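Protein chains in written order, with my numbering: chain A, 1 to 285; chain B, 1001 to 1370.
Here a beta-carbon is modelled for each residue, glycine too, at the ideal position from N, C-alpha and C.
Quick caveat, the model's predicted, so the values are computed rather than measured.
Everything below concerns the one structure shown next.
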Amino acid sequence: MRREAPQKLTDYAPLAFPAIMLTVFFVIPFGTMIAVSFFQRQQGGFYTPAFVLSNYERFASLFFANVLGFSLTLAVLVAICCVAIGVPFTYLLTRMSRRAQIVWMVALLSVLSLSEVIIGFAWSTLFSRTAGITNLLVALGLMQKAVALSPGFPAVLTAMVYQALPYTILVLYPALVRLDPTLTEAARTLGASPLRAFFTVVVPALRATILATLIMVFIFALGSYLLPQILGRPQHWTLSVLITDQAIYQSNMPFAAAMAVFLVLVTLALVTLTLFAGRKREAAA
Amino acid sequence: MPESGRAGSLPSRIPLRRGKTNGDTMSGLTLNSVRKDFGSFTAVNDVQLNVPHGTFVCMLGPSGCGKTTLLRMIAGLDLPTSGEIRLDGEDITAVPTHKRNLGMVFQSLALFPHLTVGENIAYPLRIRGAPREEQKRRVEELLAMIHLPGYADRPVAKLSGGQRQRVAIARALTRSPKLFLLDEPLSALDAKLREAMQVELRQLQQQLGITTIVVTHDQREAMTMADTVVVMNQGEIRQAASPIEIYRRPADTFVADFIGSTNLIDMDTDSTGRAIVLGQAIAGLSAPRSGKTILSVRPEDVHLTAPGSEGAITGTVTFVRDLGGTIETFIDCSGKPLIAVSTPRARPEVSVGQPVGVVLDPGVCVVLDR
């Protein structure tokens, strides 16, 4: 097939549908949100068109800086945990028999069918003192008495990793399936133990995929607002929780919009930085 | 006490079959009753082989004959179902791949895409934590050996097929291994380059004196490079001998047919004990008394004469393929097709449809069991 630049206006026709969809469902809502973030809030839940910066000025507090910092840290941790578990898991999965792979894939996809609410309450039960997993440890004689593991930061992290892991594996799977299995075998014949071969050949050969997966899980985790509320204390609430709180319970749309826009900008900046760093290291290597 | 068990079983082992080169069984590679089953399928069946130190062995056979599985077991990438693999007298059957000192070239070459040529070659040294200067020196040494000096900083993706091939060979030799294994190493190259690489590979092996095992399905490749050709079929070794012996004295009809082309002709014995081939008694060829036997005659040992000559089988020419350097003549001898190959000067003028006399040289014919 020859590829050449579009010549006439009609050559762009196939782009029309995606362009319309993108405009209607992304550009217009996002533009509205940006506009609202500059509007003036009226007492009683309404807002009037204006151009004020007061919504953004409210960020300039230690409280919001802390919440933003915590949100980003949590998302980064979730991304790292998911990739750290997902890469070895998917690598081993691709080396299993076809039948075993299908069983695992179905199980993982079934996790995707669970809503965030169900995942949250399931984990809160598992982490509870009365019915949680610590009772199992007591029965096994590993613990003195059952304790509550939730609410707390580890509980939030565990549930979010649980929620994001199937996505991680689904994104990693195609790249790992395509990876030439003789690469690890070659490494082994050259004196690398299987573990060494994994870290010196599989991981570096998949660097681009791993980076892309980290970014995807990071963004996915930033949007989480139910799990931190169900399994965390107020100090574990993310910016998404605050946005929901402002938008729905406080009826302060302009401020919620300003926070959302700010979150998008910070996320974009971080992703760009990561990609840039990855590109630079690749050029240096 | 696993060690006492292993030591105890040593003297009771079956005497090892010695190679033609009179190799010392303590040095080199020895396979003892090696077997590999995949479920109910036996890929390698009771293989017995001794590869003396410094020899070049080609494992040759049709696809699915178990040659690659055998190579993978020698490399430790697959474990034998039963049997024993010894390298320089040491039992390495259960030693993991990375602790066997070997170098292997894969069919896919398996060059690491994220590393440069130099980094690929230095990989075994980097893994061992060798100092950077040593890595650099060794890489330069190997690049000079494979005639690619100054290529160290190139990405592998930018190399041609032949260059990748050389880099894969160099990487396998970085550690100066005891054993050099190659799985269909030249199959991705075009015919001309392949022939050149065969010669180069053989010269390299002789220069280094390294024990080398190559798996191939290309008999020209095997004939070019090997000290010993191991012909395999259906998981078994059919014959292990020097290339010329395999060609001249094939052990059975499979080997005779697989190596080069041959005419396989049914043989009978008449009441006086003479060998009868296609209705003609062949003087100087004694047939074994019992059972049916088959005569294997190479096309170049089938001579054409005038029809009705003394001791000649009469046939009809059905096709002539004139290749310039050699001429292949297809003959029908009362229903049995034969092929004769001769040089233009050593051949009488024949044309399609003409009767012709066929003389088989009894000195170079091989009598095989059916």
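Handout entry: Contacting residues, own chain, Cβ-Cβ under 7 Å from B:R1017 (five flanking each side not counted)
Key = In the second sequence, residue 1017 of chain B corresponds to position 17, counting from 1. In this prediction, B:R1017 has a pLDDT of 38, which is less than 50 and means its spatial position is unreliable; nothing more can be read from the coordinates.
Practice task
Would you mind giving the Cβ-Cβ distance between B:L1182 and B:L1142, rounded to the nearest angstrom? I have them listed as a contact below 8 Å.
Solution key: For the purposes of this step, residue 1182 of chain B is taken as residue 182 along the second sequence, with counting starting at 1. For the purposes of this step, residue 1142 of chain B is taken as residue 142 along the second sequence, with counting starting at 1. Not a contact, Cβ separation roughly 16 Å.
Problem - Proximal residues of chain B, C-beta to C-beta of A:T200 below 9 Å - result: Position 200 of the first sequence, counting from 1, holds the residue named residue 200 of chain A. Under the 9 Å cutoff, chain B gives F1112, Y1123, R1126, I1127.
Practice task
Run down chain A in chain order and give the residues with a C-beta less than 9 Å from the C-beta of B:R1171.
Solution key: Mapped onto the second sequence, residue 1171 of chain B falls at position 171. The answer, in chain order, is A186, L190.
Exercise for the section: Quick one: using the 10 Å Cβ neighbour count with 16 as the cut-off for buried, is A:A155 buried or exposed? Expected result: As a position in the first sequence, residue 155 of chain A is number 155, starting the count at 1. Its Cβ being crowded by 16 or more others within 10 Å, A:A155 is buried.
Practice task
State the start and end residues of the unbroken beta strand (DSSP E) segment that holds B:G1315.
Solution key: The count along the second sequence starts at 1 and reaches residue 1315 of chain B at position 315. Looking at the DSSP string, the run of the beta strand (DSSP E) that includes B:G1315 is 1313-1322.
Handout entry: For B:A1283 and B:D1270, believed in contact at Cβ under 8 Å, the rounded distance
Key = Numbered from its first residue, the second sequence carries residue 1270 of chain B at position 270. Numbered from its first residue, the second sequence carries residue 1283 of chain B at position 283. The pair is not a contact, with the Cβ atoms about 13 Å apart (cut-off 8 Å).
Practice task
Measure the alpha-carbon distance for B:Q1354 versus B:L1368 and round it to whole angstroms.
Solution key: Your numbering for residue 1354 of chain B matches position 354 in the second sequence. Your numbering for residue 1368 of chain B matches position 368 in the second sequence. Cα to Cα, B:Q1354 sits roughly 31 Å from B:L1368.
Problem - Rounded straight-line distance, which links the Cα of A:A192 to that of B:M1104 - result: Your numbering for residue 1104 of chain B matches position 104 in the second sequence. Your numbering for residue 192 of chain A matches position 192 in the first sequence. Each residue's Cα considered, the two are about 13 Å apart.
Exercise for the section: Determine the chain A residues that contact B:G1054 at a beta-carbon separation under 9 Å, and present them in chain order. Expected result: Taking the first residue of the second sequence as position 1, residue 1054 of chain B is located at position 54. Result: empty, since nearest Cβ-Cβ is about 20 Å, beyond 9 Å.
Practice task
Measure from the C-beta of A:D180 to each C-beta in chain B and report whether the shortest distance is under 7 Å.
Solution key: If you number the first sequence from 1, residue 180 of chain A lands on position 180. Yes, A:D180 lies at the interface with chain B (some Cβ there is under 7 Å from its Cβ).
Practice task
Determine which residues of the region 1065-1079 of chain B have a Cβ less than 7 Å from any Cβ of chain A, and write them out in chain order.
Solution key: A1075, L1077
Practice task
For chain A, find out if any of its Cβ atoms is closer than 7 Å to the Cβ of B:M1104; answer yes or no.
Solution key: Position 104 of the second sequence, counting from 1, holds the residue named residue 1104 of chain B. With its beta carbon less than 7 Å from one in chain A, B:M1104 belongs to the interface.
Practice task
State the DSSP-derived secondary structure class of B:C1333, mapped to helix, strand or coil.
Solution key: For the purposes of this step, residue 1333 of chain B is identified with residue 333 of the second sequence, where counting begins at 1. Looking at B:C1333 - three-state DSSP - the assignment turns out to be strand.
Problem - Opposing strand residues paired with B:S1082 [DSSP bridges] - result: In the second sequence, the residue the question calls residue 1082 of chain B occupies position 82. Answer is B:R1035, bridged to B:S1082.
Problem - the region 205-220 of chain A / the region 1184-1198 of chain B touching (three or more Cβ pairs under 8 Å) - result: At 8 Å Cβ cutoff, the stretches do not touch.
Problem - Short Cβ contact (7 Å threshold) for B:T1100 with B:G1076 - result: By 1-based counting over the second sequence, the position of residue 1100 of chain B is 100. By 1-based counting over the second sequence, the position of residue 1076 of chain B is 76. Before going on, a small fix: residue 1100 of chain B reads as Arg here, not Thr. Closer than 7 Å, so yes.
Practice task
Taking 8 Å as the threshold, find out whether the region 1049-1067 of chain B comes into contact with the region 1217-1228 of chain B through three or more Cβ pairs.
Solution key: With a cut-off of 8 Å, the region 1217-1228 of chain B and the region 1049-1067 of chain B count as touching, because enough Cβ pairs lie within range.
Handout entry: Residues of its chain near A:F153, where Cβ-Cβ distance is below 6 Å and the 5 sequence neighbours each way are ignored
Key = Here the question's residue 153 of chain A lines up with position 153 in the first sequence. Once the five neighbours on either side are set aside, the close Cβ partners of A:F153 are H236.
Exercise for the section: Report yes or no: is there a C-beta of chain B within less than 7 Å of the C-beta of A:A100? Expected result: For the purposes of this step, residue 100 of chain A is taken as residue 100 along the first sequence, with counting starting at 1. Output row for A:A100: interface = no.
Exercise for the section: Pull up the distance between the alpha-carbon of A:T184 and that of B:G1235, whole angstroms please. Expected result: As a working mapping, residue 184 of chain A is identified with position 184 in the first sequence. As a working mapping, residue 1235 of chain B is identified with position 235 in the second sequence. Rounded to the nearest angstrom, the two C-alpha atoms are 26 Å apart.
Problem - Beta-carbon proximity of A:A159 to A:I119, cut-off 7 Å - result: Counting from one through the first sequence, the residue named residue 159 of chain A turns up at place 159. Counting from one through the first sequence, the residue named residue 119 of chain A turns up at place 119. Yes, the pair counts as a contact, with Cβ atoms nearer than the cut-off.
Handout entry: Terminal residues of the beta strand (DSSP E) in which B:E1236 lies
Key = By 1-based counting over the second sequence, the position of residue 1236 of chain B is 236. 1236-1241 is the extent of the beta strand (DSSP E) around B:E1236.
Problem - Span separating the alpha-carbon of A:A260 from that of A:S240 - result: The residue given as residue 260 of chain A occupies position 260 in the first sequence. The residue given as residue 240 of chain A occupies position 240 in the first sequence. Roughly 8 Å between the two C-alpha positions.
Handout entry: Any non-hydrogen atom of the ligand ATP within 6 Å of B:S1040 CB
Key = With respect to the ligand ATP, the structure offers nothing, as it holds no ligand at all.
Exercise for the section: Report buried or exposed for A:L227, applying the criterion of at least 16 other Cβ atoms within 10 angstroms of its Cβ. Expected result: What you label residue 227 of chain A is simply residue 227 of the first sequence in a count that begins at 1. Counting Cβ neighbours within 10 Å, A:L227 comes out buried, since at least 16 surround it.
Practice task
Kindly indicate which three-state DSSP category B:G1023 falls into: helix, strand or coil?
Solution key: The residue you call residue 1023 of chain B lines up with position 23 of the second sequence. Because B:G1023 sits at a pLDDT of 43, beneath the cut-off of 50, its placement in the model cannot be relied upon, and the following sentence gives the value as read from the coordinates. In this structure, B:G1023 counts as coil in the three-state DSSP scheme.
Exercise for the section: Determine the extent of the alpha helix (DSSP H) in which B:S1139 is found, giving its start and end residues. Expected result: For the purposes of this step, residue 1139 of chain B is taken as the residue at position 139 of the second sequence. In the sequence as presented, Ser is not what sits at residue 1139 of chain B; that position holds Val. Per DSSP, B:V1139 belongs to the alpha helix (DSSP H) from 1132-1145.
Problem - Collapsed DSSP secondary structure at B:H1303 in the structure displayed - result: As a working mapping, residue 1303 of chain B is identified with position 303 in the second sequence. Strand, per DSSP.
Handout entry: Proximity test, Cβ basis, 7 Å: A:P234 and chain B
Key = Position 234 of the first sequence holds residue 234 of chain A. Closer than 7 Å: no.
Exercise for the section: May I ask which residues mark the beginning and end of the alpha helix (DSSP H) holding B:P1124? Expected result: Here residue 1124 of chain B refers to the residue found at position 124 of the second sequence. Segment 1117-1127, the alpha helix (DSSP H) holding B:P1124.
Handout entry: Chain-ordered chain A contacts of B:S1108 [CB-CB under 7 Å]
Key = Numbered from 1 along the second sequence, position 108 holds the residue referred to as residue 1108 of chain B. Residues of chain A passing the Cβ test: D180, T182.
Practice task
Compute the distance between the beta-carbons of B:A1152 and B:V1117, then report whether it is under 7 Å.
Solution key: Along the second sequence, read from residue 1 onward, the residue named residue 1152 of chain B stands at position 152. Along the second sequence, read from residue 1 onward, the residue named residue 1117 of chain B stands at position 117. Yes, Cβ-Cβ distance for B:A1152 and B:V1117 is below 7 Å.
Practice task
For B:H1098, return the contacting residues in chain A, with the cut-off set at a CB-CB distance below 9 Å.
Solution key: Position 98 of the second sequence, counting from 1, holds the residue named residue 1098 of chain B. Going along chain A in sequence order, the residues near B:H1098 (Cβ under 9 Å) are A187, R188, T189, L190, G191, A192, S193, P194, R196, A197.
Practice task
Inspect the beta-carbon positions of A:L126 and A:G132 and report whether they are closer than 7 Å.
Solution key: Working through the first sequence from its first residue, we reach residue 126 of chain A at position 126. Working through the first sequence from its first residue, we reach residue 132 of chain A at position 132. Yes. Within cutoff.
Problem - Top-ranked residue by Cα proximity to A:I248, from A:V83, A:R178, A:Y225 - result: The residue you call residue 248 of chain A lines up with position 248 of the first sequence. Ranking the options by Cα distance to A:I248, first place goes to A:Y225.
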